[in-house]
Each structure stands twice: as structure tokens, then as C-alpha cells.
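Colleague:
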Amino acid sequence: MSKAAAITISGVDVYHGHGSQRFHAVRQADLTVAPRETFGLVGGSGSGKSTLLRVLAGLLSNWSGAITLAGQVLPPGERPPRSYYRHVQMVFQDPYASLNPRHTVDRILAEGLVLHGFADVEQRIRHLLDQVGLGPRFRFRYPHELSGGQRQRVAIARAIALEPDVLLLDEPTSALDASVQAEILNLLMAIRRERPVTCVFVSHDLSVITHLCDRVAVMQQGAIVERLSGDDLVARHVQHPYTRQLLAASEGLPA
Amino acid sequence: MTEAPLLSIDGLTVSFPGEDGPVAVVRDFKLEIGREKVGIVGESGSGKSMTARAILGLIPKPGVVMANSMRLHGQDMLSLDKTGWRRLRGKRIGMILQDPKFSLNPVMRIGDQITETLQLHEKISRAEQRERALEILAAVGIDDPQRVYAAYPHELSGGMGQRAMIAAMLVSSPDLIIADEPTSALDVLVREQVLKLLDDLVTRRGIGLILISHDLPMVARFCDRILVMYRGRVVESLDARHLDRATHPYTRGLIACLPSPALRGQVLPSLSRDPAWEVA
């Protein structure tokens, strides 16, 4: 096992595209996330929050700076080694797009376990399905037979299957109904209690972020403009005008 | 003087054939709307979008629409043929859908999509059409109408795209707008801007609005009254200012399961559904 998970991001710039088309998506980001902390990244569309998350997930390589995650150095400009993905897993926004429609739940969950050489795959799958509140009867179903909330549970089961140190969550509830959102948030909190996992949660929904996160960074046009604790958010102790706007908009008040 | 309702619907039922006979997805829906903002709230599968589609004459086959009456400005909608519906949709009822990426024509410039509608409704010259289109783009809060006029949908952000959609719809000066999740693909800041724009337009031009969404707090802030739908049926009808006076356990459950500072970090109440809710 690796040592306790923690994330250090220093001086990170992320780009999309090349040459004259190059877009500077994240500018000089600095962050540290403590082990077992749930850290929120907040911002509007185009703020760079999801881009930064994708870099951490090892899905984007066009970046510079330094990142360490769960004791692993993420190499800039190249694809991380396979072993990196044992330490970090991601849950995506759209449960309708993130599961292979031609694979059963069993195969979706087994794939990563087999790839990373886990023994007792059978038993783990059964345990995972229980853990995310689905149970054995869902094991041989296809994604189209599941509701949005059930699919998101499968996506979460897949993410925790490899016992990652870090769980990256990109708007995991924004495509779901309120009652299903509550169930998924409850599930995420239960997972956090049961496992030594560090979470980075991206959302534009401040009420969801406030509910789950210990600390928050607010991003605007690629830059981190403010760092806050969850308590600050509840108490509205915010400084930056953009954070104020976000708070006001999420409550429907004029900024 | 009391004004006749813009739209009045009674006993609207939408059903689709199933293995064991027809399955009703909207049951006994009733609404009278004037120049006001009415929200229809419900979760996926509640029938809210199907209700909107039925009002627009857009229920796909093999769906069946039945009603005791459906009238727009007193005109019977049930007897409309294809052409009649098309005229109604173009001219009297405007619609705004969730994602402008799918509802705008991707291979047509924004300006052409707006003038296309103008050409259908009014006989004016090309130059006048362009003038009018630019005016409308400015009216929906687009700062550089010239650029947006010449742009293709993919060149616009989500918020801009939604404004362009609204502009294209406003061209025909509809009396009633049906907006189905118009802001759920947008981030919070843009969402508020688009809602404010809709509010201004509806108030200033005296348009009736039906706003359909799963977001109960947003609808409550924005609308005058709210219908809550569950499994095809309206289970509660509320004054939007008094969400706290909701009595139906489903409505109360929907409010209770939202994250709030008081419940921070705690287990959120989950909604337990009662089969009795499905029976009127």
C-alpha cells in the first residue's frame, strides 16, 4: 500500500490545443489537499475546475508545473504509468455517458480489478455492489436497464473498486433529481467514513459543495481567486467579488 | 375587467401503448394560465416534459393525447391538423429547450436562423430582416450582436446559445412561452442571467410562461405559482411564495432532501415514496 493520500499542486499551468490555437485553461494553480480531506473546486463553466481535475486523473498531459498525488509524482507532458491509476479514480458527471453500454455491471466492475491484478474479483464485486446499495441482482444488468442514480452508483463502485487513495468527483450529482442527489451524497459520505480516501469534488453548486467539503478553492477564468473553509462558506465569510456573485446566484439573490 | 385565460386545459391525458394496454404518462392534467409565470416541477418520469409536449402538439407516435378541452385564446387546439399546430407553435407559442446545442441548427448561422422565422411571418426586405434580427439579439442581452449574428451555434457558449434560442423564438412575438429546463445545462451565474432575461421579457411583453424544471427552489423563486407532478399527476398546486406551506409529503420530501447549512455533513433525508400518491 502507498502512504496516506495527499495532493500537492504547485505552479500548474494547463493548456488546450497547440500553437496559435493554444488556450491557457489553468493559470499557476497552487493547492494542497490533506489526507482524508474533501476538497471542493468551485467555479462557473470555463473556470478551469474540471480541467484541473482531469490533469489529476491523468487524463490530460498538456500541462507544466509539479504535482504529487498519494506519494506519486505525476510527470508533466506525458501519460502517467498504469500504476498511477491505482491511486486515483474519477466519477464523471453524466452516468449515461460514462458506462460502456455494451458491458454488464459485472464486466464494468471487473475490468479494472483484473487489469490491476486483484485476486478474489468475484467476492470484491459482490461486496462493492452491496456497498453502493445496489445488491447482487444488479450484477448482470446492462446500463440501459438502470436509472440515472443506479448508474451513478455503478460508476462510484467502479471508482472505489481499486481502493484508490484519491477519488475525483466531477459534478457527480448535477444530472440527477434532488432525491437521487441526496442518496448519492449520503453514499459518498458513507464511503468517506469507511475508507481512508481523499476526495476532490468539482461543482458549480455551492450547496452541494458546502455540504461535503472541508475546504474550497474558487476558480475564475483558470485562476484560483479565493480559498475558503466550508465553515467560511456557511457563514458567508467570503472576500472575492466572484465568490460573492456565485453565492448570490446560487441563492437567486442579486449580487 | 377579468381577462380570459391565454391557455386553458382540462383533463389532459397522454398515454403510450404498453404490453398490458395503454400506459398513461400524464393523467388528468388541468391548467388555466394568463399572463403569469407557472412552474411545473417534478422528477424524471413525472410527466412534466410530456405535458409540455402535449401543449405544443409534439407528442410522438404512438402516443395518444386526450383531453376534455384544450384552448389557446379560446381556440380549440384538439381539432388542429398538422399545419394548424405548426402555425400555432411558430406564432403563438414559443418554446425553449434545455440544450441550445441540440435545438439550434448546427450548420446555420444564428442570424439566418432568426431571419428564417422572420421571413415566414413578415414580408420585409433582407436589410430590414437583418436590422430586426440584430435588434432582437441586443434585446436578449447580447453585447456584440454583429458577431453572434454571423456565428454558428458551436462558436457560442451555453449562455449565449440559450440567448440566441430565446431571440429566435421572440421574433414571432408569442403570447405563451414554454421553457423546458431552459437553464439546467448552464452554470449558476449564467442561469441567473437567463432567468432574469426571461423574467424581463415576460413582464415587459405580457407573455405567459410555463417553466418546467426539476429544480424546485429555482422555480419557486422565479414563478408565481407551482404545480408539482408525480408519476403523471399533479399532486400539489402551490403559491410560489409559500413553499413552506406545502402539504403533500412528496413536495415536502423534495424540499427536505436538499443540502442546506443546517444539515451540513449530515445524512440527508431520503424520499420514501408512498404508492398512495399515485391515486388521485
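So the protein lines, in turn, are chains Z and Y.
Each residue of the first sequence is one higher than the last, beginning at 5 in my numbering.
Each residue of the second sequence is one higher than the last, beginning at 2 in my numbering.
Yeah, the Cβ is synthetic: ideal placement off N, Cα and C, and Gly gets one too.
Out of Y:E129, Y:H74 and Y:P107, which one is the CA nearest neighbour of Y:T116?
Modeller: Y:T116 has its Cα closest to that of Y:E129, out of Y:E129, Y:H74 and Y:P107.
Colleague: Mapping DSSP to helix, strand and coil, what is Y:K1?
Modeller: This structure cannot settle anything about residue 1 of chain Y, because the visible part of chain Y is limited to 2 through 281.
Colleague: Please confirm if Y:L199 has its CB atom under 7 Å from at least one CB of chain Z.
Modeller: Not closer than 7 Å to any Cβ of chain Z, the Cβ of Y:L199 fails to qualify, so no.
Colleague: Under the DSSP definition of a beta bridge, which residues are partnered with Z:T202?
Modeller: Answer by DSSP bridge pairing, in chain order: Z:V170.
Colleague: Verify the CB distance criterion: does Y:M2 have a CB-CB separation below 7 Å to chain Z?
Modeller: For Y:M2, the predicted model reports a pLDDT of 42, less than 50, meaning its position is unreliable and no value from the coordinates is stated.
Colleague: Please classify Y:D245: is it buried, with 16 or more other beta-carbons within 10 angstroms of its beta-carbon, or exposed?
Modeller: By the neighbour-count rule (16 or more Cβ atoms within 10 Å), Y:D245 is not buried but exposed.
Colleague: Candidates Z:S65, Z:F122, Z:I13 and Z:S49: which alpha carbon is nearest Z:L166's?
Modeller: Checked all of Z:S65, Z:F122, Z:I13 and Z:S49; the closest Cα to Z:L166 is Z:F122.
Colleague: Would you mind telling me which residues of chain Y sit closer than 8 Å to Z:G152, beta carbon to beta carbon, in chain order?
Modeller: Under the 8 Å cutoff, chain Y gives S45.
Colleague: The alpha helix (DSSP H) with Z:S254 in it runs from where to where?
Modeller: Element bounds for Z:S254: P245 to E255.
Colleague: If you measure beta-carbon to beta-carbon, which residues of the region 183 to 196 of chain Y are closer than 9 Å to chain Z?
Modeller: So the list reads S185, L187, D188, V189, L190, V191, R192, E193, Q194 and L196, given in the order they occur along the chain.
Colleague: At a Cβ cut of 8 Å, what residues of the region 216 to 241 of chain Z count as close to chain Y, listed as they run along the chain?
Modeller: Against chain Y - using a Cβ distance shorter than 8 Å - the residues of the region 216 to 241 of chain Z are L216, G234 and V238.
Colleague: For a contact defined as C-beta to C-beta under 8 Å, what are the partners of Z:V212 on chain Y?
Modeller: Result: P260.
Colleague: Below 7 Å between beta carbons: does that hold for Z:R231 and Z:A221?
Modeller: Cβ atoms of Z:R231 and Z:A221: closer than 7 Å.
Colleague: Only counting runs of 3 or more residues, tell me where the beta strand (DSSP E) segments fall wholly within the region 103 to 143 of chain Y, in order along the chain.
Modeller: As far as the region 103 to 143 of chain Y is concerned, it has no whole beta strand (DSSP E) run of at least 3 residues.
Colleague: Go ahead and label Z:T247 buried or exposed: buried means 16 or more other beta carbons lie within 10 angstroms of its beta carbon, across all protein chains shown.
Modeller: By the 10 Å Cβ count, Z:T247 comes out buried.
Colleague: Are the beta-carbon atoms belonging to Z:G15 and Z:G69 less than 7 Å from one another?
Modeller: Cβ atoms of Z:G15 and Z:G69: closer than 7 Å.
Colleague: Beta carbons nearer than 8 Å to chain Z: which residues of the region 245 to 278 of chain Y have them?
Modeller: Residues passing the 8 Å Cβ filter: G254, L255, C258, L259, P260, S261, P262, L264, R265, G266, V268, L269, P270, S271 and L272.
Colleague: Inspect the beta-carbon positions of Y:I179 and Y:I137 and report whether they are closer than 7 Å.
Modeller: Cβ distance not < 7 Å, so Y:I179 and Y:I137 don't count as in contact.
Colleague: Verify whether the separation of the beta carbon atoms of Y:I111 and Y:Y150 is less than 7 Å.
Modeller: Contact flag set, yes.
Colleague: Using the C-alpha atoms, what's the distance from Y:L81 back to Y:Q120?
Modeller: Cα-Cα distance, rounded: 23 Å.
Colleague: Are the Cβ atoms of Y:M161 and Y:K49 separated by less than 7 Å?
Modeller: Cβ distance not < 7 Å, so Y:M161 and Y:K49 don't count as in contact.
Colleague: Pull up the DSSP beta-bridge partners for Y:K38, would you.
Modeller: Y:K38 pairs with Y:L210.
Colleague: Does Y:D240 come out as helix, strand or coil in the three-state DSSP assignment?
Modeller: Three-state DSSP puts Y:D240 in a strand.
Colleague: Cβ of Y:S70 within 7 Å of Cβ of Y:D11?
Modeller: Taking 7 Å as the Cβ cut-off, Y:S70 and Y:D11 qualify as a contacting pair.
Colleague: Going residue by residue through the region 38 to 100 of chain Z, where are the continuous alpha helix (DSSP H) segments of at least 4 residues, counting only ones entirely within it?
Modeller: Within the region 38 to 100 of chain Z, the complete alpha helix (DSSP H) runs of at least 4 residues are 53 to 60 and 88 to 91.
Colleague: Going by C-alpha to C-alpha distance, which of Z:R196, Z:R40 and Z:M94 sits closest to Z:L57?
Modeller: Residue Z:M94 is the option with its Cα nearest to Z:L57.
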